[in-house]
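*Asks:*
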Amino acid sequence: MSVDDRPLTSFRVSMRDIDIYGHVHNSVYLDYCEDAVVEFLRHREILSHFRHTSSGVAYHVKKAEITFHNPIDVDDVVEAKVTVEKIGRTSLSFAIELFRQRDGAHCASAGLVWVCVDLSDSRPTPIPDATRAALG
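The opening residue of the sequence shown carries number 210 in our numbering; numbering runs sequentially from there.
Here it is in structure tokens:
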């Protein structure tokens with residue numbers, strides 16, 4: 210397995226994430242994806258580029274899309290892989306893949322689109338050059 214194929218992060222599913230059918234509730238997958246993106250930024254040592262206090266801009270979720278493949282159950286360890294799919298003028302697209310560690314099952318594919326916004330008016334603004342370079 211190459212470095213790029215290894216999961217970026219992993220976590221164990223808590224009972225609080227489980228629905229009445231005994232698997233992770235659909236809405237919780239978005240939390241998992243957002244946490245995986247933050248871990249991706251931390252791992253790349255560029256999280257400060259995404260903190261409004263240090264970057265001078267903010268990032269808002271514009272779009273979130275999840276395709277469910279296999280259920281995740283309580284106490285499963287989930288592995289997440291994140292890639293930057295596209296860097297636009299004012300937006301970033303992330304692809305997130307979630308896998309069940311016990312059997313390697315592909316559980317979900319997700320996409321998050323973040324829009325860079327000006328702090329003064331929350332209107333889209335160009336992604337700073339330093340952030341663009343750090344992601345590239």
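All C-beta atoms in this analysis are idealised placements derived from N, C-alpha and C, irrespective of residue type, glycine included.
Between I278 and the rest of its own chain, which residues show a CB-CB distance below 8 Å, the 5 nearest in sequence each way excluded?
*Replies:* Reading the sequence as shown, one finds His at residue 278 and not Ile. Answer for H278: A314, H315, C316, A317 and S318, listed in chain order.
*Asks:* State buried or exposed for I229, treating a residue as buried only when at least 16 other CB atoms are found within 10 Å of its CB.
*Replies:* exposed
*Asks:* Taking DSSP as the reference, what is the three-state secondary structure of D285?
*Replies:* coil
*Asks:* Tell me the rounded alpha-carbon separation between V291 and R225.
*Replies:* 24 Å
*Asks:* Taking the alpha-carbon positions, what's the D284 to H252 distance?
*Replies:* 24 Å
*Asks:* I'd like to know whether the C-beta atoms of I275 and H232 end up nearer to each other than 8 Å.
*Replies:* no
*Asks:* If you run the structure through DSSP and keep just helix, strand and coil, what is S211?
*Replies:* Confidence is the limiting factor: at S211 the pLDDT is only 37, short of 50, which leaves the residue's position unreliable, though a coordinate-based value still follows. Three-state result, S211: coil.
*Asks:* Can you check whether the CB of V222 is closer than 8 Å to the CB of H269?
*Replies:* no
*Asks:* Excluding the 5 residues preceding and the 5 following R311 in the sequence, name in chain order all residues of the same chain whose CB lies nearer than 8 Å to its CB.
*Replies:* D285 and V286
*Asks:* First and last residue of the alpha helix (DSSP H) that includes D327?
*Replies:* No alpha helix (DSSP H) contains D327, which is instead part of the beta strand (DSSP E) from H315 to D327.
*Asks:* Considering S264, what are the terminal residues of the beta strand (DSSP E) in which it resides?
*Replies:* Looking at the DSSP string, S264 is not in any beta strand (DSSP E); the run it does join, the alpha helix (DSSP H), is H261 to S264.
*Asks:* Can you tell me whether H252 is helix, strand or coil according to DSSP?
*Replies:* helix
*Asks:* With a threshold of 6 Å on Cβ separation, who are the neighbours of Y238 within its own chain once the five nearest residues in sequence on each side are excluded?
*Replies:* The answer, listed in chain order, is I275 and A317.
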